[in-house]
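Heads up, the thing below is written out as structure tokens.
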Amino acid sequence: MPIATTTPADPNLATLIRTAAAAMHRALSRALLPYGVTAAEWALLRDLHAAGAVPQGQIAERLGMTAGAVSKLVDRLVAKRLLVRGRGGGGDRRVQIIGLTGTGALLVPDLARAAEASEAALFAGLSARERAGLGAALAKLAARPSAG
Numbered sequence: 000m001p002i003a004t005t006t007p008a009d010p011n012l013a014t015l016i017r018t019a020a021a022a023m024h025r026a027l028s029r030a031l032l033p034y035g036v037t038a039a040e041w042a043l044l045r046d047l048h049a050a051g052a053v054p055q056g057q058i059a060e061r062l063g064m065t066a067g068a069v070s071k072l073v074d075r076l077v078a079k080r081l082l083v084r085g086r087g088g089g090g091d092r093r094v095q096i097i098g099l100t101g102t103g104a105l106l107v108p109d110l111a112r113a114a115e116a117s118e119a120a121l122f123a124g125l126s127a128r129e130r131a132g133l134g135a136a137l138a139k140l141a142a143r144p145s146a147g
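Okay, so the sequence shown: first residue is 0 according to numbering that gives the first Met the number 0, each after it adds one.
Below you can see the structure in the form of structure tokens.
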């Protein structure tokens, strides 16, 4: 049986998803630029705003990132005075707790509005039914055991 091939005029579904994800990332990056925050930094700030202060080691798992990538993100956000590091309890001096500073907590709602506006503009061409169907399909794919 011949192997199915795609052409630029007929990309496969995975290519379409990657292309759409890249477009979303570019749009979000533009929306966050006035705040001096990257899309990856926003993901971390949003997570900490929802969860509260957590050990740095948990952040990588929660966001699906490597420990090294999280460490660099945390370093940048500490330098921007949006995050603070503290010692964990329980006697383990290696555990660092990461939390939002007051400035970081105040910035999150502005970042959320910018991200929501970016997403709304990107999906404006889709009907409510199309958005719901897309969301359901992507959630189903993401929940598959082979997805992680």
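Backbone N, C-alpha and C fix where the C-beta goes; we use that ideal spot for every residue, glycine too.
Selection Ala52, Leu15, Ala119, Thr65 evaluated against Arg86 yields Ala52 as nearest (Cα-Cα). Counting other Cβ atoms within 10 Å of its Cβ, Glu129 stays below 16 and is therefore classed as exposed.
Around the Cβ of Ala113, a 10 Å sphere holds 16 or more other Cβ atoms; the residue is buried.
According to the DSSP assignment, Leu99 belongs to no alpha helix (DSSP H) but to the beta strand (DSSP E) extending over 95 to 99.
With contact defined as three or more Cβ pairs closer than 8 Å, the stretch 98 to 105 and the stretch 69 to 81 are in contact.
For Val69, DSSP records no beta bridge to any residue. Secondary structure at Leu81: coil, using DSSP grouped into helix, strand and coil. For Leu31, the enclosing alpha helix (DSSP H) begins and ends at 12 to 31.
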